[in-house]
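Below is one structure, written out as structure tokens, with a few remarks after it.
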Amino acid sequence: MSEDETVDEAGTDEEVTEPDAEEIEAERQERLDPEKRPNNAEVDNTQRDFDEEKGEFLDDSDESDLTDEERAVTADG
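All residue numbers in the sequence shown are consecutive under our numbering, ending with 77.
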């Protein structure tokens with residue numbers, strides 16, 4: 001199956017047009033926006049690598065996209 005194809009509910013291949021793919025991706029980004037995450041929501045970090053000695057994720061080199069609240073939690077440890 002190519003990147004431009006999906007399987008619909010009936011299980012048949014269906015071409016996804018460029019505008020549809022862009023709309024789907026935009027909806028996905030909006031749905032996954034961290035700003036919309038409820039307080040105390042659980043976040044799945046199982047796919048991330050964690051350095052137990054440093055106490056941080058290995059891919060956490062850039063914190064510029066964190067909210068002030070997230071920075072405060074990160075600073076508190």
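Glycine residues also receive a C-beta, built at the ideal position from the N, C-alpha and C atoms.
* Please report the Cβ distance between Arg48 and Asp59, rounded to the nearest whole angstrom; I am assuming they are in contact, meaning their Cβ atoms lie under 8 Å. => Taking the first residue of the sequence shown as 1, we reach residue 48 at position 48. Taking the first residue of the sequence shown as 1, we reach residue 59 at position 59. Right, their Cβ atoms sit about 6 Å apart.
* Helix, strand or coil for Glu42 per DSSP? -> As a first step, residue 42 is located in the sequence shown; it is residue number 42 there, counting from the start. DSSP places Glu42 outside both helix and strand once states are collapsed to three, so it counts as coil.
* Put Asp51 into one of helix, strand or coil per three-state DSSP. => Along the sequence shown, read from residue 1 onward, the residue named residue 51 stands at position 51. Here Asp51 sits in strand by DSSP.
* DSSP beta-bridge partners for Glu56? -> As a first step, residue 56 is located in the sequence shown; it is residue number 56 there, counting from the start. Answer by DSSP bridge pairing, in chain order: Asp51.
* To do: Would you give the residue range spanned by the alpha helix (DSSP H) that Arg37 belongs to?
  => To locate residue 37, count along the sequence shown from 1; it is residue 37. DSSP places Arg37 outside any alpha helix (DSSP H), giving it a letter other than H or E.
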